[in-house]
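Below is one structure, written out as structure tokens; comments come after it.
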Ligand SMILES: *Cc1c(COP(=O)(O)O)cnc(C)c1O
């Protein structure tokens with residue numbers, strides 16, 4: 047094989063990178079995939095080796111060839127220095143925050159952040175003496191107005207969970223770095239294929255690999271990739287907190303990664319087709335999807351992202367709970383469930399009014415978050431059209 051067997055030739059296109067990064071077939075007797083290494087104990091051949099601890103693997107929690115393959119692939123894809131894997135996306139968020147924040151610190155989170163991160167902040171971080179305040183995700187460089195002398199880090203997420211507000215990551219990062227404040231970005235929606243937060247100025251990029259990287263709704267996994275400045279803090283948090291992923295889950299993420307580019311291309315195309323079809327329906331008030339030209343975040347998306355995934359929201363006109371149930375309960379292909387990023391289509395109703403604090407959510411009707419899967423898009427549209435017919439009859 048002339049292509050460097052770990053894929054790090056340099057200058058390859060993203061579709062090639064996801065296929066080749068993190069693979070060394072000739073370290074595995076020529077087998078294409080790095081197998082699942084199950085292991086806790088790692089043996090040292092001599093007393094000298096035991097004292098030196100310089101062999102590539104020293105303890106199962108620290109690394110195995112399987113976890114290192116995924117770490118390497120994600121580090122290179124994100125353009126970072128090192129990656130720490132965790133047992134879930136939420137564990138990636140908590141581990142990343144604890145890598146930097148300490149008692150007496152203040153941290154900032156966008157109001158549209160993944161909601162369980164708010165629970166972490168408002169309960170456990172608060173108990174540890176870390177105070178969190180929330181900002182309007184559209185704030186841009188004005189984030190500086192929220193800085194306090196003890197502000198340690200800013201969390202950004204673009205587009206925001208459920209409501210898909212875009213964030214000006216370069217403007218926020220510039221303001222934060224002028225004050226030595228860390229910037230942590232949750233990049234789950236775009237994946238490292240469609241957005242590279244480290245190149246936009248963030249210090250840390252967080253992925254719920256559970257979603258598109260695993261891609262088949264069959265494993266939980268998180269990843270934290272840091273730049274050179276952040277890497278040692280992340281490694282220290284990993285060592286201290288003892289976070290590590292399961293072997294099988296790591297393998298499933300490596301397997302998912304190999305097809306990420308083709309899956310995302312289809313999620314993007316079908317997602318836009320369904321979003322545009324929904325936008326023209328009389329039952330729909332508006333669509334929240336930054337890749338639509340009508341979206342308020344479109345210019346930022348176009349500037350900073352190279353693609354869109356299949357997750358967006360449709361806000362309906364006011365309708366009864368009974369009519370909404372008639373729409374949702376009879377759908378054939380859109381399952382009702384929360385964890386998206388698999389091959390199948392999903393829909394969930396949500397209401398952010400109960401937990402947003404820095405911004406005010408405007409209905410007028412119920413909001414539905416759609417994940418558009420890999421089914422034929424015409425079948426999906428037929429399914430939704432039948433749903434609107436049931437709604438009318440309810
Ligand atoms: C799902 C999700 C997470 C959490 O990932 P889990 O693996 O489910 O813990 C974090 N951030 C975002 C944006 C998510 O969508």
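Numbering (this note's numbering), first residue to last: 47 to 440. C-beta: ideal position from N, C-alpha, C; glycine also.
Under the DSSP assignment, residue 437 falls in the alpha helix (DSSP H) whose first and last residues are 423-439.
Residue 156 sits in a strand when the DSSP states are folded into three classes. Burial check for residue 97: the Cβ neighbour count within 10 Å stays below 16, so the residue is exposed. For residue 329, the CB contacts under 8 angstroms within the same chain, skipping 5 residues up- and downstream, are 362, 363, 365, 434, 437 in chain order. With contacts defined as CB atoms closer than 8 angstroms, residue 359 and residue 318 fail to qualify as a contacting pair. For residue 404, no alpha helix (DSSP H) run applies, since DSSP gives it neither H nor E. Contact check for residue 176 against residue 218 fails: the beta carbons are separated by 8 angstroms or more. Partner residues in the beta bridge of residue 251, as assigned by DSSP, are 231, 271.
Where residue 81 is concerned, there is no enclosing alpha helix (DSSP H), because DSSP gives it neither an H nor an E.
Boundaries for residue 215: no beta strand (DSSP E) harbours it, while the alpha helix (DSSP H) harbouring it runs 215-223, taken from the DSSP string.
Contact between residue 210 and residue 334 is confirmed by a C-beta separation of about 4 angstroms, below the 8 angstroms threshold. Exposed is the label assigned to residue 400, since fewer than 16 other Cβ atoms lie within 10 Å of its Cβ.
With a threshold of 16 other beta carbon atoms within 10 Å, residue 375 falls short and is exposed. One thing to note: residue 257 has its Cβ no nearer than 8 angstroms to the Cβ of residue 356. The beta carbon of residue 144 lies closer than 6 angstroms to those of 283 in the same chain, with the five residues before and after it left out. Look at residue 300: its beta carbon is at least 7 angstroms from all of the heavy atoms in ligand 1. When C-beta atoms of the region 344-356 are compared with those of the region 225-241, three or more pairs fall below 8 angstroms, so the two segments count as touching. Distance between residue 141 and residue 327, taken at the CA atoms: about 43 angstroms. Separation of the CB atoms of residue 115 and residue 121 is rounded to 11 angstroms, and the pair is thereby denied contact status at 8 angstroms.
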